[in-house]
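Note sheet for the following structure.
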Amino acid sequence: MKKQIPVIGLEMHCELKSNSKVFSRAKNEYSELPNCNVAPLDLALPGTLPVVNKKCVEDALKVSLALNCTLPDYICFDRKNYYYPDLPKGYQITQMEKPMGVNGKIQIEVDGKLKDIDIHDVHLEEDAASLDHYFDTSTIDYNRCGVPLLELVTEPCFNSAREALAFLEHMRDIYKYLDVSDADTKKGQIRCDVNVSIRDEDSDILGTRVEVKNVNSLAGVVDTINYEIARQTKLKEEGRYNEVEQDTRRWDEEAQKTIHMRSKVDAIDYKYFGEPNIPMIRVKDSWIEDLKKEIPRLHLERKYDYINNYGLSNYDAGILVKEKKIADYFEECLSLGLDAKVASNWITTQIMGYLNKEETEIKDLYLTPKRLKDLIDLINEGVISSKQAKEIFFQVLDEKKEVREFIKEEDKQISDKEKLESIIDMIIKDSPKQVEEYHNGRTNLFDYFVGQVMKNTKGKANPVVTKEIIKEKLDN
Amino acid sequence: MYMDKDLTSLHELLKAKKVTSKELIKEALEKSKEIQEKYNAFVTILDEAKETEVNEEIISGIPFGVKDNYSTKGILSTGSSNTLNNYIPVYTATVVQNLLDKGAIMVNKTALDEFGMGGTGTTCNTGVVKNPWSKKRMCAGSSAGSACAVAAGVYPYALGSDTGDSIRKPAAYCGIVGYKPTYGLLSRYGLFPFASSLDHAGVLTRSVLDAAIVVDAMKGKDEHDMTSWDSNNMHLAASLDGKVNGKKLFYIKEVCDINNYPKANRELKEHLENFHKTLDLFRTKGVIINEVSIDKDILRALPSVYVILSCAEATSNMSNLTGIIFGPRGDKKNVFEMMREHRTKGFSPLIKRRFVIGSYILQKENQERYFKNAQRVRRLIVDIMKDLFKEYDGLIMPVASGPAKMLEQGDDVIDENTSILEEHLQIGNFGGFPSITIPDGFIDNLPVGINITGNCFQDELVLNLAYALESLMDYKGQIAKEVEE
């Protein structure tokens, strides 16, 4: 059999951050207490009307811009009609005719290589209520009902679970960079529908497309894709490819397999039509210009900037750009004139270690880039040693005082050349035997002299200057 | 007897302390019970209604009625449907709240064709609403109870809603004023939806001035309704000066010419004669009224366009009625069976028929042929009207094909010949145009009406035209006088 190439498309749903829900005034907030964030509209009480949350629209447009999509001339919404107990209105307000963006294109990094991804569309819609099923009863929690949901649909442009995962992680970072979502899979904020088919290596004709709905973790997406590729390939190998049905399936986490839900012939007709209660909103150029100003430089661009223009390693640059606030911190260090590699080392080791240990965020860190610079300047000026700097680093953070407060006169490094010369002269004078042996070829006695200087100065002699003077004195 | 008076008179009487708010309520409640007994106009009579302080607001201290498809907090709101026969809302519709905030007193909730989906007043879950001019006749609908109560003198005004002609036709059949303002002048928040793009809030009164006063008190941009708009610089009552000299109106030849109806009965003939007589009367005030021809094919399409669009939206709008969160819950184990039970038992056959039509129209394979084409025809007729409104200040038309229909012959059956005559008020809903019906005469001692419709946002102009015409006739403030048939 010819080699099979998997073809995968993703529909990624991500809950957006906002004060209130996308069409009602209830709080958009995760809560353990059921049905505490509910407005009349969320229960579809007769006569209630949707009112669009402007922030959600703007956030959706920002994502659309970040994905280089073509924006609509007008924003409008559509109804997707179906009956389900988690959908009180009997329809979901979504976007069909004019999504927030279409035909987007972005690059992602997969195993160190760049790959182009085509975006079909991005649209804004509302989430449904959550259902809990018990032995003989089910409960409905309307807290999630009406939470803003951004759905991103890709073209079938992935060829492996690895690529799909890289894309989802990339998007998660973008949502965080744009500050439009916490994109937290643990809270169910990201859910995916996965489309998988296989084709012959030398053919462009796609095989039968299988859709797996509502996969709610990134690991689940990987497992789903791998399972489907294996299932479909096996059937093809066995000459039973006609058993691969164009169906809708779900991922069963426990059984670790996909399970048939419905066939294409049973596909639901959602009877889409324009939502009459929301007037069309014109997308003015000035509005888009304002939104563009709020979009920061994204992580991949920053990463390649750090690698190509500041000589950082792919690994270090990757760590720095993972979180926008850390990348911003790094860039502030650069703007203060700190050496990129030195700043990167401090951030990726000392600072991130501290943040992890203390479970705090860089924005709350007392050691601002300015204070980090103070500290590094003192090393460069030879006032303190690297070892001392690390101690002072913790003191600054613990006591929340300026760096200079921790530099005691007696602790200062001795870099004064004259002072060191007089000490070294004295040691050379007191060690005629060692000097003679050194000149006779025992050059490793050099360290003896350095050791004597350190002993004499209680370790405060600047080692670089000390070595320079000793070499000069002994070799002349 | 006070409840047969207009708002301004009542306000003056209250101010002068010649009558109290409490006495008005007592009279309105007594009258409600009497009318309920005779004509079956109400869903709920609010015996607990309390007097309010009389302030500078004309409507303060004065009772009014509310169609039962408005959400009223703590008060049963059924939409005259069994699907909501136990529904007590947690919030009050914006327009109702605006009236209450100004000191108006709600004394009852009025019956309607189930969820407004009917034009007869005979499909309420509480039974048929009878016409106060003749018990053998219908009020038309869907604001049947409101029209009946205002005509019978229960109070000076009641709220209605209008998706096709649901305020303006019952007004004509009951010999009163029915006004549906420009789409969005009144908030729809809290109005149970039938077809959102066609639904309008509005009012039934016995004079144009009262209609203006009530809408002034209800209007305003509502943050709960995105289709509402700021009308702070619009003052309806204050703008009524009756000066209409030189204003231009038109009527549609294909609807108003008696020669279009070869099989016309006596009532229709008299109705159209009376219409043309009314036009002549209006011309004496210097109003120019011309006959305009509109493509008959487009006019003929109107009723179908209305059915398609309204049924499609209604199917979706009423998908929330499942009995899961509110309304009587179906007694079944499985949730989908519960929903089916609720809807099967709750809705009348007429509504179910409309749902089937709406569902069919919205099916993927039918959308282009029916739904999209209906939207195109809607756009077409609205564009024709807007073009005409460049030259004319308004459209003036007879309402329906005569006085109120007999109950026995009256259901939703459309007489092929007079269908455009019966349905043309829908143009006002297609375009969201301000539109008002006032009484313009009698046939066999039963009232008939005339309608004026203008361009969007021209509410002041439309009301002023109606106000001027009203002042030329003797029907202002009339109370129904029952005839024996």
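So the sequence lines, in the order shown, correspond to chains A and B. Residues in the first sequence are numbered from 1 upward in steps of one, following the numbering used here. Residues in the second sequence are numbered from 1001 upward in steps of one, following the numbering used here. Beta carbons are placed, not taken as given, at the ideal position from N, Cα and C, and that holds for glycine.
Asn195 of chain A is not a Cβ neighbour of Arg172 of chain A, given a cutoff of 8 angstroms. Secondary-structure assignment with DSSP links Asp266 of chain A through no beta bridge to anything. The beta carbon of Cys76 of chain A sits closer than 8 angstroms to those of Gln95, Glu97, Lys98, Gly274, Glu275, Ile278, Met280 and Ile281, all from its chain and outside the five residues before and after it, given in chain order. Per the coordinates, the alpha-carbon of Phe393 of chain A lies some 8 angstroms from the alpha-carbon of Leu375 of chain A. Annotation for Lys1005 of chain B: no alpha helix (DSSP H) segment contains it, and DSSP assigns it neither H nor E. In the three-state reduction of the DSSP assignment, Pro1170 of chain B falls in the helix class, which pools H, G and I. Segment contact: the stretch 1196 to 1212 of chain B against the stretch 1149 to 1158 of chain B, three or more CB-CB distances shorter than 8 angstroms; contact assigned.
Sequence-distant Cβ neighbours of Gly318 of chain A in its own chain, meaning closer than 8 angstroms and more than five residues away, are Lys303. Shown here for Asn1069 of chain B: same chain residues with a beta carbon closer than 7 angstroms to its own, the five before and five after excluded, namely Gly1079, Leu1112, Phe1115, Gly1116, Ser1161, Leu1191 and Phe1192 in chain order. The continuous stretches of beta strand (DSSP E) do not include Trp287 of chain A, which lies in the alpha helix (DSSP H) extending over residues Asp285 to Lys293. The residue from A:Glu399, A:Ala161, A:Tyr74 and A:Ser203 with its alpha-carbon nearest to that of Lys284 of chain A is A:Tyr74. Judged by beta-carbon spacing, Glu1460 of chain B lies beyond the 8 angstroms limit of Ser1228 of chain B, meaning their Cβ atoms are not closer than that value. Contact check for Leu334 of chain A and Lys370 of chain A: beta-carbon distance about 13 angstroms, past the 8 angstroms limit, so the pair fails to qualify. Residues of the stretch 1353 to 1374 of chain B with a C-beta less than 8 angstroms from any C-beta of chain A: Ser1359, Leu1362, Gln1363, Lys1364, Gln1367 and Phe1371, listed in chain order.
The C-beta of Asn277 of chain A comes closer than 8 angstroms to at least one C-beta of chain B. Annotation: Cβ neighbours of Asp1225 of chain B in chain A (cutoff 7 angstroms, chain order): Leu49.
For Asp269 of chain A, at least one C-beta of chain B is nearer than 8 angstroms to its own C-beta. Met12 of chain A places its beta carbon 8 angstroms or farther from that of Ser64 of chain A. As DSSP reads the structure, Glu151 of chain A sits in a beta bridge with A:His13 and A:His123. Within the stretch 1146 to 1226 of chain B, the complete alpha helix (DSSP H) segments at least 4 residues long are 1168 to 1174 and 1208 to 1218, listed from N- to C-terminus.
Distance from Ala1172 of chain B to Gly1454 of chain B at the Cβ level is roughly 18 angstroms; contact not present, criterion being Cβ atoms closer than 8 angstroms. By the neighbour-count definition (other C-beta atoms within 10 Å, threshold 16), Gly1286 of chain B is an exposed residue.
Annotation: Val1382 of chain B to Thr1072 of chain B spans about 34 angstroms, alpha carbon to alpha carbon. For His260 of chain A, the beta-bridge partners assigned by DSSP are A:Arg249.
Approximately 12 angstroms separates the beta-carbon atoms of Val1377 of chain B and Ile1427 of chain B; this is outside 8 angstroms, ruling out the contact. Distance check between Ile1105 of chain B and each of B:Lys1180, B:Met1003 and B:Gly1202 places B:Met1003 closest, using alpha-carbon atoms only.
Taking C-alpha positions only, Lys1476 of chain B is separated from Gly1323 of chain B by approximately 44 angstroms. For Asn1085 of chain B, no CB of chain A lies under 8 angstroms from its own CB, so it is not counted at the interface with that chain. Of the residues assessed, Cys1148 of chain B falls on the buried side of the cut-off, its CB having 16 or more other CB atoms within 10 angstroms. By the 16-neighbour rule on beta-carbons within 10 angstroms, Val1095 of chain B is buried. In the DSSP assignment, Met1473 of chain B is bridged to no other residue. Under the Cβ criterion of 8 angstroms, Met1339 of chain B is counted among the residues facing chain A. Of the other Cβ atoms in all chains shown, fewer than 16 fall within 10 Å of the Cβ of Met1001 of chain B; this residue is therefore exposed.
Cβ neighbours of Ser24 of chain A within its own chain (closer than 7 angstroms, five residues either side excluded): Ala39, Leu41, Asp42 and Gly146. Taken through DSSP and simplified to helix, strand or coil, Tyr272 of chain A comes out as coil. By the Cβ test, the stretch 388 to 408 of chain A is not in contact with the stretch 449 to 457 of chain A, since fewer than three Cβ pairs between them sit closer than 8 angstroms.
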